[in-house]
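What follows is a short report on a single structure.
Protein chains: 2
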Amino acid sequence: MGDGVGTGLDLPLDKVLVGDCIALMRQLPPASVHAIFADPPYNLQLKGDLRRPDDSLVDGVDEAWDRFDDLAAYDAFTHEWLTEARRVLRKDGTIWVIGSYHNIFRLGTALQDLGFWVLNDVIWRKANPMPNFRGRRFTNAHETLIWAARGAESRYRFNYAAMKSLNEEVQMRSDWFIPLCTGAERLRDETGAKLHPTQKPEALLHRVILSCTQPGEVVLDPFLGTGTTAAVARRLGRRYIGLERDPAYAAAAEARIDSVEPLSESAALVTAGKREQKRIPFGHLVERGLVPAGTVLVDRGRRWQAVVAADGSIRCGRAQGSIHQVGALVQEAPSCNGWAFWHVEQPGGRLRVLDEFRVALQGEG
Amino acid sequence: MGDGVGTGLDLPLDKVLVGDCIALMRQLPPASVHAIFADPPYNLQLKGDLRRPDDSLVDGVDEAWDRFDDLAAYDAFTHEWLTEARRVLRKDGTIWVIGSYHNIFRLGTALQDLGFWVLNDVIWRKANPMPNFRGRRFTNAHETLIWAARGAESRYRFNYAAMKSLNEEVQMRSDWFIPLCTGAERLRDETGAKLHPTQKPEALLHRVILSCTQPGEVVLDPFLGTGTTAAVARRLGRRYIGLERDPAYAAAAEARIDSVEPLSESAALVTAGKREQKRIPFGHLVERGLVPAGTVLVDRGRRWQAVVAADGSIRCGRAQGSIHQVGALVQEAPSCNGWAFWHVEQPGGRLRVLDEFRVALQGEG
DNA sequence: AGGACCGTTGAATCGTACG
DNA sequence: ACGTACGATTCAACGGTCC
Chain A
14 MGDGVGTGLD LPLDKVLVGD CIALMRQLPP ASVHAIFADP PYNLQLKGDL
64 RRPDDSLVDG VDEAWDRFDD LAAYDAFTHE WLTEARRVLR KDGTIWVIGS
114 YHNIFRLGTA LQDLGFWVLN DVIWRKANPM PNFRGRRFTN AHETLIWAAR
164 GAESRYRFNY AAMKSLNEEV QMRSDWFIPL CTGAERLRDE TGAKLHPTQK
214 PEALLHRVIL SCTQPGEVVL DPFLGTGTTA AVARRLGRRY IGLERDPAYA
264 AAAEARIDSV EPLSESAALV TAGKREQKRI PFGHLVERGL VPAGTVLVDR
314 GRRWQAVVAA DGSIRCGRAQ GSIHQVGALV QEAPSCNGWA FWHVEQPGGR
364 LRVLDEFRVA LQGEG
Chain B
14 MGDGVGTGLD LPLDKVLVGD CIALMRQLPP ASVHAIFADP PYNLQLKGDL
64 RRPDDSLVDG VDEAWDRFDD LAAYDAFTHE WLTEARRVLR KDGTIWVIGS
114 YHNIFRLGTA LQDLGFWVLN DVIWRKANPM PNFRGRRFTN AHETLIWAAR
164 GAESRYRFNY AAMKSLNEEV QMRSDWFIPL CTGAERLRDE TGAKLHPTQK
214 PEALLHRVIL SCTQPGEVVL DPFLGTGTTA AVARRLGRRY IGLERDPAYA
264 AAAEARIDSV EPLSESAALV TAGKREQKRI PFGHLVERGL VPAGTVLVDR
314 GRRWQAVVAA DGSIRCGRAQ GSIHQVGALV QEAPSCNGWA FWHVEQPGGR
364 LRVLDEFRVA LQGEG
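This is the structure:
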């Protein structure tokens with residue numbers, strides 16, 4: 014175990030250690046790991062239960078490890094584990110933490126207060142998030158990762174070319190579109206229940222680990238859970254150290270990791286990038302002023318007209334709805350493609366079909 | 014100026030006030046604005062002299078300020094203006110703040126510490142971000158907004174239906190794809206130089222203001238800059254209060270706001286959700302003969318049927334009660350929306366859902 | 001075989017008006 | 001203030017079944 018950096022302490026490489034991550038990190042030599050990925054408890058503070066419109070119950074996070082007395086207790090915990098993480102991190106290593114609005118501001122503040130140097134915040138845009146069932150907020154469709162160097166002067170690693178190649182030869186942006194961990198990838202027990210409430214998708218860890226480490230380097234995960242970080246690290250030819258308090262999670266992680274076949278180095282560079290589909294809501298044209306609120310729309314024969322409202326709905330007499338709904342309504346047709354039906358009168362009397370305004374936005378990501 | 018809430022202080026509506034936003038907010042009556050949008054400056058120089066966001070030099074010129082002091086000064090400033098903002102915000106009002114990874118964690122932590130209740134963090138995904146020229150990080154392609162209520166118990170406003178309409182009848186997510194402010198929208202001086210370094214796009218403010226206010230309500234921007242918030246508020250038929258310390262920015266903002274034409278009432282009128290519509294008791298439909306007593310109701314699958322009584326209750330076997338109670342009972346569900354559950358058989362065998370009968374009374378006073 | 005259809009599910013801080 | 005009853009509210013992916 015070569016990486017002991019002259020401390021006399023050996024690194025427990027490619028192992029899952031069961032116990033409290035703070036105590037376990039204290040036993041690791043300083044400046045010994047190249048990268049850290051940490052998915053700490055989010056402190057969600059859920060109250061009652063939540064039902065879908067069909068009355069089925071949402072299986073939320075209700076584990077003891079996610080409960081803290083208050084924000085101060087959460088902050089104290091955060092400072093403590095981040096302090097050990099910083100000690101264990103090599104001088105030029107980097108750390109990733111992930112969270113939601115419940116905890117990410119506490120994490121970011123703690124990182125900065127401890128001297129870490131934020132390099133990016135990265136948005137995991139979920140392809141298939143849970144909707145907001147009550148219609149009281151925006152769909153919570155992302156989580157935030159913070160990527161930080163040990164300090165402002167760190168000469169950290171960033172595999173720029175690998176990230177660019179992952180992204181069809183344009184620079185990798187700070188917003189990543191990746192599906193949830195579902196289907197066959199999701200670990201389940203015999204009854205079909207999920208083994209861990211918050212298992213992260215391997216695609217996310219693939220990108221994280223590939224971005225900031227080289228093969229053979231050491232990735233530490235202080236909150237290993239069911240082992241996504243370690244499994245991906247192993248597949249990508251990295252070494253790992255996984256810390257996990259719950260023996261059941263740790264056991265599941267070990268079994269999972271054992272089943273992983275390390276990739277050859279060339280194969281490690283390939284990723285199954287899910288391409289994002291393009292759909293442009295009419296409302297976006299309104300916001301952007303391309304078809305401003307107040308615009309009068311007419312059909313090709315100028316038989317009907319409608320006024321565009323600020324929310325992208327249109328109104329024709331008492332009827333209000335989407336361009337498609339109102340188009341169908343006035344024609345008494347079962348359906349209507351509003352993009353082709355409605356036109357904007359141009360100076361000079363020419364009509365321009367809505368679809369032409371949409372193509373102006375087609376090029377955008 | 015009606016909204017003074019009995020304080021004797023008047024609200025300076027539709028004005029740009031020049032001065033320090035903290036001092037100016039102290040002169041506003043408490044609980045007086047419906048929404049706040051804040052784009053606080055992040056001018057702290059991390060190398061060399063330490064300056065406050067208002068450009069004043071922090072005392073102790075000869076002192077070696079380290080990173081901690083930088084952050085502490087920023088935190089103190091943040092707490093101070095957010096404290097005043099919270100005082101000025103109505104009980105059920107909401108606040109938006111925007112920032113990047115340099116300051117958003119400080120903002121979020123301060124919001125939580127002051128008792129604000131985070132509703133969403135929202136990602137502004139930039140369509141055309143500046144590339145990372147050095148190739149040392151991910152392209153910083155987004156900024157983060159935090160949307161928060163004044164407190165955990167606030168009954169805040171969220172125009173769910175309008176947001177859904179803006180997004181082609183799919184729930185609005187927490188990641189928004191909007192271009193930078195460029196082209197004709199970008200304010201420039203005679204030489205073509207940008208008037209303000211971080212002018213926000215109007216499309217962003219359009220969505221923000223539309224999501225959480227009604228026409229006629231008051232939007233406060235403590236860091237108005239060149240007036241995007243006020244201009245969009247005016248266009249959407251909202252009132253505004255803009256605070257700006259730089260007289261040049263304030264002057265540019267005023268000129269810009271003056272040139273804005275408010276939308277017509279019909280264009281500003283946004284899709285109303287069912288929650289906004291008047292509540293109509295089922296009994297009224299019975300009284301009015303729209304669904305006469307004796308009518309047989311069935312569910313969509315014709316599994317259950319019930320008979321309408323003269324008092325608007327319905328009976329299904331031995332069960333009698335409201336359309337909701339009986340619907341829940343027969344399904345053995347915890348609750349039921351009777352308007353959507355029960356149907357009336359039409360001549361020809363078609364089923365018509367109760368909700369459709371309600372529409373006839375919707376327009377009446 | 002393959003397309004249509006249906007059931008399940010995911011880190012969730014998910015009411016409000018009226019008496 | 002507090003209790004009660006009304007009644008509003010979901011998207012995409014995946015896997016299994018049926019025809």
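In order, the protein sequences belong to chains A and B.
Counting in our numbering, the first sequence tops out at residue 378, every number present.
Counting in our numbering, the second sequence tops out at residue 378, every number present.
Each residue gets a CB set at the ideal place from its N, CA and C atoms; glycine is no exception.
Values in this document were obtained by computation on a predicted structure and should not be read as measured data.
Taking 8 Å as the upper bound for CB-CB distance, TRP160 (chain B) and LEU132 (chain B) are in contact here, some 5 Å apart. Closer than 7 Å at the C-beta level to chain A, one finds these residues of the stretch 216-249 of chain B: ALA216, HIS219, ARG220, LEU223, LEU249. By DSSP's assignment, HIS356 (chain A) forms a beta bridge with A:VAL311, A:VAL366. When CB distances to chain A are screened at a threshold of 9 Å, the residues of the stretch 167-185 of chain B falling below it are TYR169, PHE171, ASN172, TYR173, ALA174, ALA175, MET176, LYS177, SER178, LEU179, ASN180, GLU181, GLU182, VAL183, GLN184, MET185, in chain order. Note that the C-beta distance between LEU237 (chain A) and GLY255 (chain A) is below 9 Å. Excluding residues up to 5 positions away in sequence, LEU95, ARG99, ILE108, ALA161, ALA162, ARG163, GLY164 lie with their Cβ nearer than 8 Å to the Cβ of PHE129 (chain B) in the same chain. With fewer than 16 other CB atoms across the displayed protein chains lying within 10 angstroms of its CB, THR204 (chain B) is exposed. For secondary structure counted as the beta strand (DSSP E) over 3 or more consecutive residues, the stretch 151-233 of chain B holds these complete runs in sequence order: 155-162, 188-191.
The stretch 210-230 of chain A and the stretch 171-188 of chain B do not touch, with fewer than three beta-carbon pairs separated by less than 8 Å. For ALA98 (chain B), no chain A residue has a Cβ inside 9 Å of its Cβ, as the nearest lies near 17 Å away. Below the 8 Å Cβ cutoff, chain B contributes GLY121, VAL131, ASN133, ASP134, ILE159 as neighbours of TYR114 (chain A), in chain order. Here the stretch 43-50 of chain B makes contact with the stretch 101-115 of chain B; the two share three or more CB pairs at distances below 8 Å. Contact holds between the stretch 316-326 of chain A and the stretch 271-290 of chain B, because three or more Cβ pairs, one in each stretch, are under 8 Å apart. It is roughly 37 Å from the alpha-carbon of GLY361 (chain A) to the alpha-carbon of ARG138 (chain B). Using beta-carbon distances, PRO142 (chain A) counts as an interface residue toward chain B, with a partner under 9 Å. A distance below 8 Å between beta-carbons, with the five flanking residues on each side excluded, links ASP202 (chain B) to the following residues of its chain, in chain order: LEU208.
Cβ atoms of ASP27 (chain B) and TYR253 (chain B) come within 8 Å of each other, at about 6 Å.
If you draw a straight line from the Cα of VAL29 (chain A) to the Cα of LEU367 (chain A), it is about 58 Å long.
In the DSSP assignment, ALA123 (chain B) falls within the alpha helix (DSSP H) that extends over 117-126. Straight-line measurement puts the Cα of ASN56 (chain A) at about 6 Å from the Cα of ARG80 (chain A). DSSP, read as helix, strand or coil, puts LEU256 (chain B) in strand. Per DSSP, TRP317 (chain B) lies in no alpha helix (DSSP H) and is assigned neither H nor E. Classified as exposed, ARG147 (chain A) has fewer than 16 neighbouring CB atoms from the shown chains inside 10 Å of its CB. Ranking A:VAL110, A:THR241, A:THR91 by CA distance to the CA of ASP52 (chain A) puts A:VAL110 first. According to DSSP, ARG138 (chain A) shares a beta bridge with A:HIS155, A:PHE190. For VAL357 (chain B), no Cβ of chain A is located within less than 9 Å of the residue's own Cβ. The stretch 260-277 of chain B makes contact with the stretch 237-246 of chain B; the number of CB pairs closer than 8 Å reaches 3 or more.
Annotated three-state conformation of LEU84 (chain B) is helix, per DSSP. Look at CYS329 (chain A) here: in three-state DSSP terms it is strand.
The C-beta separation of VAL135 (chain B) from TRP189 (chain B) comes to about 6 Å, placing the pair in contact by the 8 Å criterion.
Looking at the DSSP output, PHE50 (chain A) shares a beta bridge with A:TRP109. The closest CA to that of ASP67 (chain A), considering only B:GLN359, B:PHE151, B:PHE354, B:ALA261, is found on B:PHE354.
For PHE50 (chain A), the closest Cβ of chain B is not nearer than 9 Å. In the structure shown, GLY334 (chain B) falls within a strand segment according to DSSP collapsed to helix, strand and coil. Among the residues facing chain B, SER187 (chain A) is included, as its CB has a counterpart in that chain under 9 Å away. Distances from the alpha-carbon of ALA373 (chain B) to those of B:LEU217, B:GLN290, B:GLY330 put B:GLN290 closest.
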